[in-house]
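Residue numbers (our numbering): 162 to 575.
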Amino acid sequence: MSDKYIKSATVRKYAAEIEELVMGIRKWITECEEHPSVCELRKRCEDVFFSSELSYAASTDELTLIVESMVQRVSSRYGVLAALLEDSSINEIMVNGPERIYVERNKRLERIDDSFTSDAELEETIRMFASDVHREVNEAHPIVDARLPSGYRVNGVLKAVALNGPILTIRKFREKEIEMSDLIEFGSISEECASDLRALVRSGYNMFISGGTSSGKTTFLNALSASIGENERVITIEDSAELVISHIENRVQLECRSANSIGKGEVSMEQLIRTSLRMRPDRIIVGEVRGREVIDMVQAMNTGHDGSMSTGHGNSIKGMLNRLETMYLMDSQVSINSVRNQIANAIDIFVHLRRDSRGRRRLEEVAELAGFDGSSYIINYLYKSDEKGNVKKTGASLKDRERLIRAGFGGVLA
């Protein structure tokens, strides 16, 4: 038994016995007139354990670990994950099958010395999270992606499609909104660049934020959104609602919905974008585009909704443009040049983020999409990061200055 993961190994060794004892204690809880306190639950776990055959089979070192694992499972509906969910230093929880639980803490990944007893216990936890938000996950629909009432985002995959057992990923979000000043303090962006981006948002330039997984796209979009005028009407559209734009009173939050167990009731991002156009928005903010909804996003940006924003997965600004083209062509028969023209007319500013090898999230590029010349995009880079990761002005001026001048920011990016 490894000294490093002794609790995990103990739980797996006596998994069947622990499950049986826990089942009996849960039955006792349901028969109680009042829900037992944590102290009462712990005493019950100890009594049940020491009166069982397991207490004779386990070694002295294993006794405390087994009782603790029983207490975990009966004192919280989140069981093994309860303490991790409450730990404010943990940003993300990743469960790769019942035996391996990882967390991201202080920008570093670490394995937790604990374990689920079986695939069945982990799948039951995934189903519980799904039921919290009235979603279904089963053999017919083995994937669930949902936002908990706490704001945490949960993704669960049953073992039917996950070769190494059920997979559960929980991304936690700060209770306090991250502001642009926080990103400056973290070193994610320079004060000069932040000031210029604020002016572009205020002036109504359509912006697109690209980056890899966990590069901070949603966080950055939230911080940028703080520059939107308080008197504007803003519609946000997301797969799972994560954006918090609390300073705007006249806002509408729309969230996609998956189909139910009989394949009915799905509400796609594409439908929500189309619906939002009838809500008299000043700006439309689309959380992340992944497919055919990019057509409606581009059309919305091209129909007078200045200052709209969205995000997407890409390795660079050029790479993101290629992805947008691919997503557009998935459900369109128009020519590639027509697609490029529409994208160039829709998006004014690209911001690209990157997460480095040390887990730090940084702004890497800011560029103006200045048009399409018939063969390629005209990309005017305004900021680029140097070899040390510090973002600096390129010296290029913004070509389309009309909105900046109208908004009183004529000296910005001149």
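Even glycine gets a Cβ: it sits at the ideal position worked out from N, Cα and C. The model shown is predicted, which means the values in this text are computed figures rather than measured ones.
Give me the Cα-Cα distance between residue i and residue j, rounded to the nearest whole angstrom.
i    : j    : result
E543 : I445 : Before going further, note that residue 543 is Leu rather than Glu in the sequence given. Looking at the two C-alpha atoms, the distance is approximately 24 Å.
P442 : I396 : 6 Å
V241 : T286 : 10 Å
R238 : G426 : 29 Å
M470 : V527 : 14 Å
Y489 : L415 : 22 Å
V495 : N483 : 16 Å
T171 : H408 : 50 Å
N463 : E260 : 50 Å
F347 : N392 : 30 Å
M162 : R173 : Unreliable positioning characterises M162 in this predicted model, as indicated by a pLDDT of 44, which lies under 50. The coordinate reading is nonetheless provided below. Roughly 11 Å between the two C-alpha positions.
A360 : I478 : 21 Å
M491 : M481 : 15 Å
S537 : R515 : 24 Å
I510 : A177 : 57 Å
T487 : S499 : 13 Å
I350 : R418 : 34 Å
I559 : I273 : Rather than Ile, the amino acid found at residue 559 in this sequence is Leu. Going from the Cα of L559 to the Cα of I273 covers about 49 Å.
L316 : C200 : According to the sequence as given, residue 316 is Asn; it is not Leu. The straight-line gap from Cα to Cα measures roughly 33 Å.
T374 : R523 : 13 Å
E247 : F334 : 12 Å
G556 : I370 : 21 Å
L283 : A219 : 24 Å
E253 : L329 : 11 Å
V573 : I167 : 59 Å
E403 : C193 : 39 Å
K545 : G452 : 28 Å
M289 : S213 : 29 Å
Would you mind sorting residue i into buried or exposed? The rule is 16 or more other CB atoms within 10 Å of its CB.
i    : result
A505 : buried
R567 : exposed
I508 : buried
P310 : exposed
K577 : Residue 577 lies beyond the stretch modelled for the chain, which goes from 162 to 575, so this question has no answer here.
D222 : exposed
Y217 : exposed
G468 : buried
E181 : exposed
K204 : exposed
R501 : buried
N541 : buried
L270 : exposed
D357 : buried
M440 : exposed
C206 : buried
N383 : buried
S198 : exposed
M184 : exposed
I331 : buried
E340 : exposed
C354 : buried
G475 : buried
R519 : exposed
When you compare each of the options to residue i by their alpha carbons, which one comes out closest?
i    : options                : result
I398 : G550, L438, I304       : L438
L324 : L358, R266, F369, G258 : G258
R599 : T171, K268, G569       : Lying before the first or after the last residue shown, residue 599 is absent from the chain, which here runs from 162 to 575.
D517 : I254, L482, G372, M470 : G372
V428 : L385, S401, G473, L246 : S401
Y313 : M184, L245, G572       : L245
K188 : Y175, T487, V209       : V209
E583 : R359, A575, G556, T555 : The question about residue 583 has no answer here: the residues shown for the chain are numbered 162 through 575.
A461 : A387, L382, T374, M368 : M368
K378 : A420, D357, E247, V450 : V450
S292 : V305, D547, I251, K165 : V305
I186 : Y166, V228, S169       : V228
G390 : A243, T380, I406, S376 : I406
S276 : P327, I251, M289       : P327
L376 : L344, S386, L329, M255 : Residue identity check: residue 376 is Ser in the sequence provided, not Leu. Comparing Cα positions, the closest option is L344.
K320 : V256, Y263, D561       : V256
L215 : R308, S279, S249, Y175 : Y175
I539 : E529, E403, K545       : E529
V322 : A307, S342, D280, V413 : D280
R394 : F381, R412, L385, A387 : R412
Taking 8 Å as the CB-CB limit, is residue i close to chain D?
i    : result
L385 : Structure shown: chain D not included; a single protein chain is present.
Worksheet item: Counting pairs of Cβ atoms below 8 Å between the region 429-440 and the region 450-463, do you hit three or more?
Response: These segments touch.
Worksheet entry | Residue ranges of each alpha helix (DSSP H) within the region 468-498, 4 or longer | Every alpha helix (DSSP H) of 4 residues or more that sits fully in the region 468-498 is shown, in chain order, as 478-490.
Worksheet item: Which ranges would you report for the alpha helix (DSSP H) in the region 196-232 if only whole runs of at least 4 residues count?
Response: 199-211, 215-218
Fill in: Contiguous beta strand (DSSP E) assignments of at least 3 residues, all confined to the region 485-559
510-516, 522-533, 538-546, 552-554
Worksheet item: Along the chain, which unbroken stretches of the alpha helix (DSSP H) at least 4 residues long are found entirely within the region 258-290?
Response: none
Worksheet item: Is the number of C-beta pairs between the region 228-237 and the region 295-304 that are closer than 8 Å three or more?
Response: no
Worksheet item: How do the region 559-574 and the region 356-374 stand: do at least 3 beta-carbon pairs fall below 8 Å, yes or no?
Response: yes
Practice prompt. Pick out the complete beta strand (DSSP E) segments inside the region 308-353, 3 residues or longer, and give them in chain order.
Written response: 314-318, 328-332
Worksheet entry | Runs of alpha helix (DSSP H) lying entirely within the region 345-401, each at least 4 residues, in chain order | 352-364, 378-386
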